[in-house]
Amino acid sequence: METLRDLSLARGTLDRAGLRRRDPDLLRLLLKDPSTRIVELVGGRAQVIESDRDCALLLRSPEEQDAFRLTVFLGQDGHGTAYVGLVGAIGDAQDPSGTAPWRTLREVGVLLSDRDAGMFATLQGLANWHASHTHCPSCGAPTEPDQAGWIRRCTQDGTEHYPRTDPAVIMAVTDAADRLLLARNPNWPQGRLSVLAGFVEPGESLEAAVAREVFEEVGVVVEQVRYLGNQPWPFPSSLMVGFTARAIDPTLHLDQEEIVEAVWASREELREMVLAGRFGISPTVSIARRMIERWYGGLIVTT
Ligand SMILES: [Zn+2]
Numbered sequence: 626m627e628t629l630r631d632l633s634l635a636r637g638t639l640d641r642a643g644l645r646r647r648d649p650d651l652l653r654l655l656l657k658d659p660s661t662r663i664v665e666l667v668g669g670r671a672q673v674i675e676s677d678r679d680c681a682l683l684l685r686s687p688e689e690q691d692a693f694r695l696t697v698f699l700g701q702d703g704h705g706t707a708y709v710g711l712v713g714a715i716g717d718a719q720d721p722s723g724t725a726p727w728r729t730l731r732e733v734g735v736l737l738s739d740r741d742a743g744m745f746a747t748l749q750g751l752a753n754w755h756a757s758h759t760h761c762p763s764c765g766a767p768t769e770p771d772q773a774g775w776i777r778r779c780t781q782d783g784t785e786h787y788p789r790t791d792p793a794v795i796m797a798v799t800d801a802a803d804r805l806l807l808a809r810n811p812n813w814p815q816g817r818l819s820v821l822a823g824f825v826e827p828g829e830s831l832e833a834a835v836a837r838e839v840f841e842e843v844g845v846v847v848e849q850v851r852y853l854g855n856q857p858w859p860f861p862s863s864l865m866v867g868f869t870a871r872a873i874d875p876t877l878h879l880d881q882e883e884i885v886e887a888v889w890a891s892r893e894e895l896r897e898m899v900l901a902g903r904f905g906i907s908p909t910v911s912i913a914r915r916m917i918e919r920w921y922g923g924l925i926v927t928t
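Have a look at this one:
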């Protein structure tokens with residue numbers, strides 16, 4: 626089975642050059658080098674240069690005050706140019722010229738180049754992790770960044786803490802008539818439907834998580850769980866791993882706490898729902914959208 630390629634947030638091209646992170650002077654030296662490219666993230670937004678067709682991250686040379694910010698080494702390109710992400714405070718988001726708007730990864734993830742989409746996803750994930758791991762899980766003392774922003778170290782006991790990625794499964798479940806299962810989470814607005822998803826639990830394989838989540842949420846037993854593709858989803862720290870699965874019996878028994886409505890949709894029904902505006906579809910940046918379109922057999926254009 627063909628896997629999903631070119632998922633919006635799985636396109637990064639930079640060499641992460643992980644061994645360079647061991648150099649304790651790396652960031653200090655890179656922040657003195659005018660050829661270093663800085664990308665700034667403030668409150669989940671980065672500045673972009675927009676054109677009619679696409680957009681690019683605004684990259685700049687280092688400035689003196691950058692040394693006082695949280696910075697992370699994102700990697701280097703084929704020419705040896707180093708890229709450093711900077712996590713700013715909310716008050717930093719200023720653009721006196723007004724030419725480069727601040728955008729979220731959800732907004733521009735599809736429009737960015739491979740390099741820029743990968744950098745934005747990496748920086749967003751690291752920024753989220755730093756913000757939520759300010760203290761040591763062993764002793765409670767403050768932690769501080771080390772290894773070019775890729776670990777945090779406890780200031781008391783010296784323990785090292787690494788960025789977290791939480792695997793989540795997302796599944797396109799079909800029945801014998803090749804209808805697709807779409808459901809609405811109670812936190813979503815009325816009319817928004819998507820494929821099912823859930824976090825992988827400790828001690829569980831990805832395939833077992835698919836079967837468990839589908840059974841828990843809609844009471845359906847599945848078989849033929851097959852891998853489809855994956856992409857990072859740093860909101861705040863997921864890796865979305867996509868699968869297809871086949872329902873043995875399409876009868877639905879919803880867990881109302883997790884799912885408020887669920888339907889088996891044929892391609893014709895999906896088309897009607899979208900055109901009638903009854904169906905809010907997952908955004909193009911998501912793996913969910915790509916999975917729905919893969920089943921549908923083409924792009925789904927929403928107005
Ligand atoms: Zn500690």
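Numbers 626 to 928, taken from this note's numbering, label the letters of the sequence shown in order. Here a beta-carbon is modelled for each residue, glycine too, at the ideal position from N, C-alpha and C. Since the model is a prediction, treat every value here as computed from it, not as a measurement.
Residue i versus residue j: straight-line alpha-carbon distance, rounded
i      : j      : result
Ile873 : Phe693 : 58 Å
Pro908 : Ser633 : 11 Å
Val835 : Glu675 : 39 Å
Glu829 : Pro792 : 11 Å
Leu699 : Phe824 : 27 Å
Gly816 : Gly922 : 22 Å
Ala801 : Arg871 : 8 Å
Arg809 : Gln701 : 41 Å
Val712 : Cys761 : 21 Å
Glu843 : Arg804 : With the sequence shown as reference, residue 843 is identified as Val, and Glu is not the correct amino acid for it. Distance between the alpha carbons of Val843 and Arg804: 15 Å.
Ser757 : Arg685 : 27 Å
Arg647 : Ile715 : 30 Å
Pro861 : Thr876 : 34 Å
Met744 : Asp782 : 32 Å
Thr790 : Leu806 : 27 Å
Gly902 : Leu895 : 11 Å
Leu683 : Arg914 : 27 Å
Where residue i falls, given that 16 or more other Cβ within 10 Å makes a residue buried
i      : result
Ile912 : buried
Pro687 : buried
Val845 : buried
Gln772 : buried
Cys764 : exposed
Ser660 : exposed
Asn812 : exposed
Phe904 : buried
Gly705 : exposed
Met796 : buried
Thr869 : buried
Pro960 : With the chain running from 626 to 928 in the structure shown, residue 960 is simply not present.
Arg678 : exposed
Ser891 : exposed
Gly703 : exposed
Glu665 : buried
Val794 : buried
Arg777 : buried
Met626 : exposed
Which residues DSSP lists as bridging residue i, in chain order
i      : result
Leu711 : Glu665, Thr696
Gln856 : Met865
Ala890 : Leu805
Ala671 : Leu666, Arg728
Arg851 : Thr869
Ala822 : Ile795
Ala834 : In the DSSP output, where bridge partners are listed per residue, Ala834 has none listed.
Gln701 : Asp640, Ala707
Arg817 : Gly905
Near ligand 3: residue i beta-carbon under 7 Å from a heavy atom
i      : result
Gln749 : You won't find ligand 3 in this model; what it holds is ligand 1.
is_contact[residue i, chain C] using C-beta, thresh 8 Å
i      : result
Val667 : The structure shown contains no chain C; it is built from a single protein chain.
**Item:** Distance cut 6 Å, beta-carbon to ligand 1 heavy atom: residue list by chain order
**Value:** Cys761, Ser763, Cys764, Ala766, Cys779, Gln781, Asp782, Thr784
**Prompt:** In chain order, which alpha helix (DSSP H) runs of at least 4 residues are fully inside the stretch 711-796?
**Reply:** 730-733, 739-757
**Request:** Any chance you could list the beta strand (DSSP E) runs of at least 3 consecutive residues sitting entirely within the stretch 877-924, in chain order?
**Result:** 886-890
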